[in-house]
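In this text, residue positions in the sequence shown follow UniProt numbering: the first is 1, and each later residue adds one.
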Amino acid sequence: MTTHTEPASQLYTKLNRVGKGAYGSVYKGINNKTRQIVAIKILNLDTEEDDVDDIQKEIALLSQLTHAKSQNITPYYGSVLNDTKLWIIMDYAAGGSVRRIMKSGNIEEKYIAVITRQVLQALSYLHKNHIIHRDIKAANILLTAEGTVQLCDFGVAGQTTLNSLKRNTFVGTPYWMAPEVIRQGSSYDFKVIGQIYGLLESQCLKWLQATHR
């Protein structure tokens, strides 16, 4: 992980907000040195201890994925501590989220196939690295200006080991959860990703049918 010691405002210029999550907001920003457009996820560290633990886990996973050999994982550039807030610097996906595109009505069936295939490529890469995303939904699937899919938001992702291939934590977005995750006390593994992926594809197709009536 690249952690900078300079003040965040000297390194980056925060622009408009482009998203909001459970732990903070995401802004479009500029690297003041390179002039590169970036995404800045600002998290509040002045919060519950469990929340801080989740943030630390997210940073650890992002650091692990820094050199990901998958173009379908959002690139992570580093983090900057700014008082009680942590600025997480990532690639800026100018195409927005699949959720936003679905709501705008600007998507065709052939592009749904392309998007779902690239999501599978991202999940395959995570699987090989023993990582379960656990919050796959349209809002966490971004598109670059060129149309490449980037899976983002690893705040509730879980990591397994060879000795522990199952998880039992109740996390994620309820509507997008697999039954094994919803049932508290029930362990689950990478198979739940297939069910969540199926739900994602189903919602895309239902939306497509509704817009072509």
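Beta carbons are placed, not taken as given, at the ideal position from N, Cα and C, and that holds for glycine.
Collapsed DSSP secondary structure at residue i in the structure displayed
i, result
"Tyr118", "According to the sequence displayed, residue 118 carries Gln and not Tyr. Three-state result, Gln118: helix."
"Leu45", "coil"
"residue 216", "An answer regarding residue 216 cannot be provided, because it is not within the stretch 1 to 213 covered by the chain."
"Ala8", "helix"
"Lys28", "strand"
"Asn16", "strand"
"Tyr92", "coil"
"Ser104", "helix"
"Gln64", "helix"
"Ser97", "strand"
"Ser79", "strand"
"Ala39", "strand"
Residue i, buried or exposed, once every other Cβ within 10 Å from all chains shown has been counted against 16
i, result
"Gln56", "exposed"
"Asp46", "exposed"
"Asn9", "First, the amino acid is wrong: residue 9 is Ser here, not Asn. Label assigned to Ser9: exposed."
"Asn140", "buried"
"Asn32", "exposed"
"Lys41", "buried"
"Gly19", "buried"
"Thr74", "buried"
Inter-residue Cα distance where the pair is residue i and residue j
i, j, result
"Gly96", "Ile131", "24 Å"
"Lys69", "Arg17", "29 Å"
"Tyr27", "Thr144", "16 Å"
"Thr116", "Asn129", "20 Å"
"Gln121", "Lys85", "33 Å"
"Ser187", "Glu6", "Residue placement at Ser187 is flagged as unreliable, the pLDDT there being 47, under the threshold of 50; a coordinate-derived value is accordingly withheld."
"Gln118", "Cys152", "13 Å"
"Phe154", "Arg99", "17 Å"
"Glu109", "Gly147", "15 Å"
"Leu126", "Gly21", "22 Å"
"Met90", "Val114", "23 Å"
Same chain only: Cβ atoms within 8 Å of residue i, ignoring 5 sequence neighbours per side
i, result
"Ile30", "Tyr12, Thr13, Leu15, Gln36, Ile37 and Val38"
"Tyr92", "Lys28, Gly29, Ile37, Val38 and Ala39"
"Val52", "Leu45"
Expected contact under 8 Å - CB spacing of residue i and residue j to nearest Å
i, j, result
"Ala138", "Met102", "6 Å"
Neighbourhood of residue i by C-beta distance below 6 Å, restricted to the same chain and skipping five residues each side
i, result
"Tyr82", "Here residue 82 is Asn; the residue named in the question, Tyr, does not match the sequence. Excluding sequence neighbours, Asn82 sits near Ala8."
"Ala94", "Ala145"
"Ile107", "Ile101"
"Thr66", "Tyr76"
"Ile88", "Lys41 and Ser79"
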